[in-house]
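Numbering (my numbering), first residue to last: 34 to 271.
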């Protein structure tokens, strides 16, 4: 038997996912069209998640059921340098993105220096920037970057995760505390909706999307190696 708080969390998560699906469909289609056009033209999709949002970036990188030409930009500081201006420039030296490609930048609050500077450099370098962020949260906070900008203000397209201000959704009885953050489950759902829509765009053009079947399925390793080979010089498959 579940608990009341667990049931409340399930209902809050369902509500967020249903809101994403109902409100964000037009944006998801637009974003998917841009991504698919770049990938079909031989490009790579880049994805960066700041702080806990790195888990959402990892959701679409190097795993079963996801597109092969995805490069995850990994913050080796594990969020410790998230507020440090100038760190993004050093981090991005190790990654190969090119004009005309797309980067998804993920940050629930959208206020810290690292995701903001990743987006700024991407814009300077001629990439399309898609932000994955909580508009309810970012709309209530100020930027921590010297530019005064928040992530959504720099993006070409914004996918709203529809999560609450403060992230935690469930009030703990008898306290002034909330628990049960939604940003990871909502972000993972939103980015999967986006990637599936990208795959639809491939199919609409009569092309089979380059998807990994997963290395833990028997008989798939040779196929995965073959699909990866085209991108080995550009993507760090870790």
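Ideal placement from N, C-alpha and C gives every residue a C-beta, glycine not left out.
Just measuring C-alpha positions, the residue of 56, 129, 114 and 97 sitting nearest residue 105 is 129.
Residue 185: not part of any beta strand (DSSP E); member of the alpha helix (DSSP H) spanning 184-187, first to last residue.
When DSSP states are grouped into helix, strand and coil, residue 148 belongs to the helix group. Nearest neighbour of residue 153 by Cα position, chosen from 136, 89 and 109, turns out to be 136. Contact between residue 60 and residue 162 does not hold, since the beta-carbon distance rounds to 13 Å and is not under 8 Å. As DSSP reads the structure, residue 204 sits in a beta bridge with 211. With contacts defined as CB atoms closer than 9 Å, residue 244 and residue 101 qualify as a contacting pair. By the criterion of a C-beta distance shorter than 8 Å, residue 254 is surrounded in its chain by 248, once the five residues flanking it on both sides are discounted. Sequence-distant Cβ neighbours of residue 242 in its own chain, meaning closer than 8 Å and more than five residues away, are 100, 231, 232, 235 and 236. Counting only runs of at least 4 residues, the region 85-113 fully encloses the following alpha helix (DSSP H) elements, listed from N- to C-terminal order: 87-92. Annotated as proximal: residue 88 and residue 217, with beta-carbon spacing under 9 Å. Only residues of its own chain outside the window of five on either side were considered, and among them 116, 144, 145 and 146 have a CB closer than 8 Å to the CB of residue 177, listed in chain order. Residue environment: residue 251 is assigned as exposed (fewer than 16 neighbouring CB atoms within 10 Å of its CB, all protein chains considered).
Listed as beta-bridge partners of residue 191 by DSSP are 164. Rounded to whole angstroms, residue 180 and residue 186 show a C-alpha spacing of 11 Å.
In terms of Cα proximity to residue 68, the closest of 205, 229, 167 and 52 is 229. Shown here, residue 170 sits in a helix according to DSSP, grouped into three states.
Counting along the chain, residue 136 sits inside the beta strand (DSSP E) bounded by residues 135-139. In the three-state reduction of the DSSP assignment, residue 82 falls in the strand class. Between the alpha carbons of residue 219 and residue 158 lies a gap of roughly 29 Å. Partner residues in the beta bridge of residue 244, as assigned by DSSP, are 100.
Counting of Cβ neighbours within 10 angstroms places residue 166 among the buried residues, the total reaching 16 or more.
Inter-residue distance for residue 151 and residue 183 is about 12 Å (C-alpha atoms, whole angstroms).
Here the alpha carbons of residue 114 and residue 108 stand approximately 8 Å from one another. Counting every other CB atom within 10 Å of its CB across the protein chains shown gives residue 56 a total below 16, marking it as exposed.
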